[in-house]
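Taking it in order: structure first as structure tokens, then the write-up.
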Amino acid sequence: MNNAHWLERSRAAVWHPCTQMKLHDSGALPLVPIARGAGAWLYDFDGQRYLDAISSWWVNLFGHANPRINAAIHAQLECLEQVILAGFTHAPVVELSERLSALTDGALGHAFYASDGSSAVEIALKMSFHAWHNAGQPQKNRFLCLAGSYHGETLGTLGVGDVGLYKDVYAPLLRQATPLPSPEARQAAPGETATDVAQRAAAALAAVLETGHDAIAALIVEPLVQGAGGMLMYDPEYLRQARALCDRYQVHLIADEIMVGFGRTGTLFAHEQAGIRPDFLCLSKGLTGGYLPLSVVLTTDAVYAQFYDEQITRGFLHSHSYTGNPLACRAALATLDIFAEEDVLTRNRAFADRFTALLRPLATHPQARHFRQRGMIWAVDIATDAADFRLRLFREALRRELLLRPLGNTLYLMPPYILSDSDAELLAERTVAALDAALT
Ligand code: PMP
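To convert, note that position 144 of the sequence shown is 1153 in my numbering; the numbers rise steadily by one, no gaps.
Structure representation (structure tokens):
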């Protein structure tokens, strides 16, 4: 079976996510059938290969078909594939919860599972409100978010998001949170530093909390990098001040680390760079090394205690069928083993320095604006009026064996943590070549 065979069947039967399907049929947006993956490369049915420069929507950490994660899933498959987690428990979910708690030094020792990022965010929002409700403050039922924020696609998560492309049409269905000024560093006025912008945004947060805290349950943020909003990066000072303000005004801090967790920003969790802990930490994507759908919300003893009671309805009566799936938990444990045994964060730091140097031609490209990097994320805005720039760049990248998927006019790279130096050189060179071709 070749590419053409699978393309025809897929177009007829599969409604692809985040896609205007007509673009596939017109050829403006090629649909790429993938037969297999190995390391950082994906292979189609006709023998073409593509370097996965966006880690398959930011999930893959240690490559496709990673032998260690494969082995862990195989072993688990032989003994238990799935069991209800209400009223039952199993070794992988217990071990994973203990390990995640230890990784937050025990500060976030209660793990509640779901299957995708949006569900984790919904859980954190519901838990925050319900905790205040149980504490006798049901009026604390509003949320704050940042301008340009993205937290998922369900109605609850769109309500705390601020990317119009995904949510505007659903406005009548949403309970909209209040978007606050973002601390993202591109907004610096001449002479201003990223820290200045963060302080200005924190002052705006302080003003809103001062008057409105009595009605506010939580502030939700993507720590250090606002992803789908355009890879907008900001100074940790904002998180430090947000934590202090949330404490002062009795408002929960929800850290959505679905994209930035597991080493993406240079530390295991992004919030560590501010020396703080959130009240809720949402994780998914890299949690299983990009293998299986799993998400988790970690929270504190104080939140847990608000639900611990004789009364059933004071409990958190939320569930998903595949909550804490054993195969997914085993993939997550194997992923944490790799972090623990291979000193991934140190290795990434050295790689990031080398790769940033390789990207100099991109950073200094005449149409490049605001080149930025944090940890294993690189992004740059491209100054062009071409309405179809995103599609053109996607196509030109594919022609050069690269999987890139710009966000509007923002070109970003988020490779898996196993890129060889020769693949890194190839990626850097061909990204600029694809950009030049897309701009002509
Ligand atoms: N929050 C953030 C920060 C994300 O980047 C994403 C996914 N891109 C989500 C939430 C939603 O996760 P999922 O797509 O798994 O529902």
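For every residue, glycine included, the Cβ atom is placed at its ideal position computed from N, Cα and C.
Please read all numbers here as calculations on a predicted model, not as lab measurements.
- Using a Cβ-Cβ distance cut-off of 8 Å, the segment 1271 to 1288 and the segment 1092 to 1103 are not in contact, since fewer than three pairs of beta carbons, one from each stretch, lie closer than that value.
- Residue side-chain check: residue 1193 keeps its Cβ at 6 Å or more from all non-hydrogen atoms of the ligand PMP.
- Per DSSP, the beta-bridge partners of residue 1058 are 1052.
- Three or more Cβ pairs closer than 8 Å define a contact, and the segment 1326 to 1335 falls short of that threshold against the segment 1155 to 1165.
- Cα atoms of residue 1122 and residue 1302: separation of roughly 11 Å, rounded to the nearest angstrom.
- Scanning its chain for C-beta atoms nearer than 7 Å, with the 5 sequence neighbours on each side dropped, one finds around residue 1379 the residues 1195, 1389, 1390, in chain order.
- In the structure shown, the three-state DSSP call for residue 1259 is coil.
- In the structure shown, the three-state DSSP call for residue 1413 is coil.
- The Cβ neighbour count for residue 1024, taken over all protein chains shown within 10 Å, is under 16; the residue is labelled exposed.
- Residue 1420 holds the alpha-carbon nearest to the alpha-carbon of residue 1371 among 1036, 1415, 1420, 1386.
- The segment 1209 to 1218 makes contact with the segment 1244 to 1264; the number of CB pairs closer than 8 Å reaches 3 or more.
- Relative to the non-hydrogen atoms of the ligand PMP, the Cβ of residue 1327 never comes closer than 6 Å to any of them.
- Membership of residue 1367 in the alpha helix (DSSP H) is indicated by the continuous run 1353 to 1367.
- Note: residue 1292 is bridge-paired with 1305 in the DSSP secondary-structure output.
- Every residue whose Cβ sits closer than 6 Å to any heavy atom of the ligand PMP is listed here in chain order: 1125, 1126, 1127, 1130, 1159, 1160, 1161, 1231, 1236, 1237, 1265, 1267, 1268, 1293.
- In this structure the segment 1423 to 1433 touches the segment 1060 to 1079; the number of beta carbon pairs closer than 8 Å is three or more.
- When rounded, the separation of the alpha-carbon atoms in residue 1309 and residue 1199 is 41 Å.
- Rounded to whole angstroms, residue 1083 and residue 1350 show a C-alpha spacing of 21 Å.
- With respect to the 7 Å criterion, residue 1409 and residue 1443 are classified as neighbours on the basis of their beta carbons.
- As computed with DSSP, residue 1433 is found in no beta bridge at all.
- If you ignore the 5 residues before and after residue 1141, its C-beta comes within less than 6 Å of the C-beta of 1149, 1226, all in its own chain and listed in chain order.
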